[in-house]
Amino acid sequence: MALWNRVYQPMVKWSLRGADLANPQRVLDIGVGNGLSTSYLSQLFPDATCLGVDYAPEAVKVALKRKSEKLDFQVADVTMLPFKSAEFGLITAFQTHFHWHDVRKGLIECYRVLAVGGQLVIACEKNKVAYYLKEQADHQDACSFFESLGFVNVVIKEQGPWIAYYGQKI
């Protein structure tokens, strides 16, 4: 996890700077690992309730050490999120979506729990997309994929080794 903190936390900060963020009341961070990215989101949006989920119980156990009044973690599968529809104003996934066993189904669930006017931010290393998600390596194909699931104002940004996908629900 020390590697994650050193290498990927700058990616988290970069991708959030590139987003058109309002002040969400509820934030969902998917694939939290040790919880550092969710903790950062909690600092960035101090009035929001931030929830981090991970498929791995071991990761959630580590992340729970960061739990606070407005920051919590739980085990959940991105393809079957245990939340009400339109519950979150911001959903993030950092260095994780290429590991989802069904990316399409996971994004459909993200869309379901994203509030109208909310934003999805996904960021990772470009080489992970090229290796694991070849069908989304082309920007136009990736935009079309996100749009086919209902996301609008889809934007893709790159910086150095990183890529970020932004989409909204209206």
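Under the UniProt record's numbering, the sequence shown has 170 at position 170, and the numbering climbs by one with no breaks.
The C-beta atom is built at its ideal place from N, Cα and C for all residues, glycine as well.
Three-state secondary structure (DSSP) of residue i
| i | result |
| --- | --- |
| S85 | coil |
| W100 | coil |
| Q9 | helix |
Where residue i falls, given that 16 or more other Cβ within 10 Å makes a residue buried
| i | result |
| --- | --- |
| S42 | buried |
| H101 | exposed |
| V116 | exposed |
| P24 | buried |
| D54 | buried |
| V113 | buried |
| E109 | buried |
| A56 | exposed |
| V129 | buried |
| D72 | buried |
| K169 | buried |
| Y8 | buried |
| M11 | buried |
Closer than 7 Å: residue i CB and nearest the ligand MG heavy atom
| i | result |
| --- | --- |
| A59 | What this structure holds is no ligand at all, so the ligand MG is not there to describe. |
Inter-residue CB distance, residue i and residue j (contact presumed, cutoff 8 Å)
| i | j | result |
| --- | --- | --- |
| G167 | L120 | 5 Å |
| L28 | L51 | 5 Å |
| S39 | F94 | Actually they do not touch by this definition, with Cβ atoms about 12 Å apart. |
| V78 | G33 | Their Cβ separation, rounded to whole angstroms, is 14 Å, which puts V78 and G33 out of contact at 8 Å. |
| L133 | V103 | 7 Å |
| Y111 | F145 | At roughly 12 Å, the Cβ-Cβ gap does not stay under 8 Å, so Y111 and F145 are not in contact. |
| K70 | T92 | Between T92 and K70 the Cβ distance is about 16 Å, and since that is not below 8 Å, they are no contact. |
Which listed residue (the options) has its alpha carbon closest to that of residue i
| i | options | result |
| --- | --- | --- |
| Q140 | G117, Y165 and V116 | Y165 |
| D138 | F151, I156 and Y8 | I156 |
| A22 | V103, T96 and G118 | G118 |
| K67 | G35, E147 and S148 | G35 |
| G31 | A76, G18 and S85 | A76 |
| F98 | M80, E147 and I122 | I122 |
| K84 | R26, E58, Q136 and K126 | R26 |
### Task
May I have a chain-ordered list of the beta strand (DSSP E) segments no shorter than 3 residues that lie completely inside the UniProt domain "Methyltransferase type 11" (28 to 122)?
Listed in chain order, the beta strand (DSSP E) runs fully inside the UniProt domain "Methyltransferase type 11" (28 to 122) are 49 to 54, 71 to 75 and 88 to 94, counting runs of at least 3 residues.
### Task
Would you list, in sequence order, the uninterrupted alpha helix (DSSP H) runs of no fewer than 4 residues that lie entirely inside the segment 119 to 159?
If only uninterrupted alpha helix (DSSP H) runs of at least 4 residues are considered, those enclosed by the segment 119 to 159 are 126 to 132 and 139 to 148.
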